[in-house]
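So for the sequence shown, numbering that gives the first Met the number 0 puts the first residue at 0; every next one is plus one. Below: the structure, in structure tokens.
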Amino acid sequence: MILSVLLQTPPAWVVLPFVSLLLLIASGPVLFSKFWHHHYKTISVVLGLLVGVFYAVKLNNLVLPVEAVAEYISFISLLCILYIASGGIYLFIDMESKASVNILFLLAAALLTNIIGTTGASVLFIRPFMRINRYRLKPYHIIFFIFMVSNVGGSLTPIGDPPLFMGFLKGVPFFWTLLNLSLPWIVAMALLLTIFYFFEKNNKDLDEVDVSAHYSNSIIITGKRNVVWLLIGVASVFLDPNIMELPHILYHGKKISFLRECIQLSAAFFCYRFSNQKALKSNNFDFEPIKEVAFLFFGIFLTMMPALQLLEAFASAQKGQLTITSTLVYWSSGLFSSVLDNAPAYLNVFAVILSDAGLSLNNMSDVKQFVGSESVYLLAALSVGSVFFGAMTYIGNGPNFMVKSIAEQAGVKMPSFGQYIYKYSLPILLPVLIVICLLFFI
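Here is the structure:
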């Protein structure tokens, strides 16, 4: 097996497009935002196609590019229906801004993230959260929302966060995350909500505002029909040809069926077509965030092929010599997720773990074999590290920047990239992540 992996391994320089794309994603919006905003589509697509063509022409390998594109279609079709359906639901919550209300809101939103994903939940809940706190809205409200709703909250199902969905596409059972990550989720949420409570108690702005008007404590939802489309998109996730008998094609031993994706994209189209226009307008809905994700991840899925192969080859060659511990997996996947993007970070570290066990990330039966082995605790460390650390920076997870942009449009003076890290991530989130490590991954 090692020999076959090495024979198919591309030269090391082929990872340059992948590294370049990740560095541009990290630095472009901060250092040269105007250029990046105008050209990120072209850059991502060109880099992805360069690697795909190299595989097809130079390596005479169409298998991996075809599989990468198939996984990309599965990935983006789910995000499309979650994003569009959530964007057409307008929430107006008429409640007084106080600690208990905000804590319950964040907890409920974090739970629902596991049904509609971090992207969908961020779009759906950030504006009503800001409306509740309109008289005392501070940057910390948005930061804790990013911590809990855009990241940590979505660790219970593969739908919740992109890294976990990538694991599901590779063969990790759907309910594995719920059964194995619930305790870290509970501890992290409890700690973050406790810290948030003390921030709330120190926010005295409401004392200076006349809020004597009666609150109806009601929740008004416009665009309820979108919930049906949302449920269709979520239910279709279970239409996996590797789990149930579905129409499919057999491509080099892999069952590929786009029935699930066709349902999701059709639901997204009809959902937008028949959405409540008032709800869309109230949410300032547009396609730019999902377009950005679609273009960037097209490049990521194709350019990361050589990185995954090289890591697998290295781990296979070092089999028996590497000391892979849950602590190492937790921190390495976490650090990569913080400064790059948590989905490719998850896949790259997962590739090393599997190769060290003599297995391959590109073989679904290998992944399922690993999930049933004694070393599966490493997958728990990888999953928690990839998801939780995505909140350490604005670039750790796609919804982070999206929430920041929405808040700034509403007039909130959000911290810069560096301020986010040294004012919030390091003093607040990092201690929570250390506690999680000490409790579960030592």
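Note that the Cβ used here is the ideal one computed from N, Cα and C, for glycine as well.
Each residue's CA atom was taken as its position, placing E260 and S32 some 33 Å apart. Judged by DSSP secondary structure, T221 falls within the beta strand (DSSP E) whose first and last residues are S217 to T221.
Separation of G152 and F335 (C-alpha to C-alpha, rounded to the nearest whole angstrom) is 19 Å. For F91, the enclosing beta strand (DSSP E) begins and ends at Y89 to D93. The beta carbon of M94 sits closer than 7 Å to the beta carbons of V100, I131, Y214 and N216 from its chain, once the five residues preceding and following it are set aside; these are given in chain order. Each of Y139, D160, I158 and P157 was checked against the Cα of I194, and the nearest Cα belongs to Y139.
As the crow flies, the alpha-carbon of V386 is around 15 Å from that of T326.
Its chain contains L155 as the residues whose beta carbon lies nearer than 7 Å to that of S181, once the 5 sequence neighbours on both sides are disregarded; these appear in chain order.
Burial is judged here by how many other beta carbons sit within 10 angstroms of a residue's own beta carbon; N283 has fewer than 16 and is exposed.
Taking all protein chains shown into account, E311 has 16 or more neighbouring C-beta atoms within 10 Å of its C-beta and is therefore buried.
Comparing alpha carbon positions, the residue from S337, N341 and L381 closest to L353 is L381. V62 has its alpha-carbon roughly 44 Å from the corresponding atom of Y423.
Residue environment: N201 is assigned as exposed (fewer than 16 neighbouring CB atoms within 10 Å of its CB, all protein chains considered). Each of Y196, N150 and A350 was checked against the Cα of I323, and the nearest Cα belongs to A350. Taken atom to atom, the span from the alpha-carbon of G397 to that of H36 is near 15 Å.
For a cut-off of 8 Å, the C-beta gap from S85 to L264 is around 16 Å, too long to register as a contact.
Here T112 is buried: its Cβ has 16 or more other Cβ atoms, across all protein chains shown, within 10 Å. If you look at F335, you'll find it in the alpha helix (DSSP H) that goes S325 to V338. Shown here, Y71 sits in a helix according to DSSP, grouped into three states. The beta carbon of F17 is closer than 6 Å to those of T302, M303 and A306 in its chain, skipping five residues each way along the sequence. In the three-state scheme derived from DSSP, where H, G and I count as helix and E and B as strand, V44 is classed as helix. Between V50 and I158, the beta carbon gap of about 28 Å keeps them out of contact (Cβ cut-off 8 Å).
Between I435 and V186 the beta-carbon gap is near 6 Å, inside 8 Å, which marks them as a contact. F128 and I220 have their C-alpha atoms roughly 14 Å apart.
Annotation: N59 to V366 spans about 26 Å, alpha carbon to alpha carbon. With contacts defined as CB atoms closer than 8 Å, L190 and V431 qualify as a contacting pair. Taking all protein chains shown into account, S121 has 16 or more neighbouring C-beta atoms within 10 Å of its C-beta and is therefore buried. The shortest C-alpha to C-alpha distance from I141 to any of I114, F440, L105 and G119 is the one to L105. Within the same chain, A380, G384, C436 and F440 come within 6 Å of Y329 by CB-CB distance, once the 5 residues on both sides are set aside.
In the structure shown, P172 falls within a coil segment according to DSSP collapsed to helix, strand and coil.
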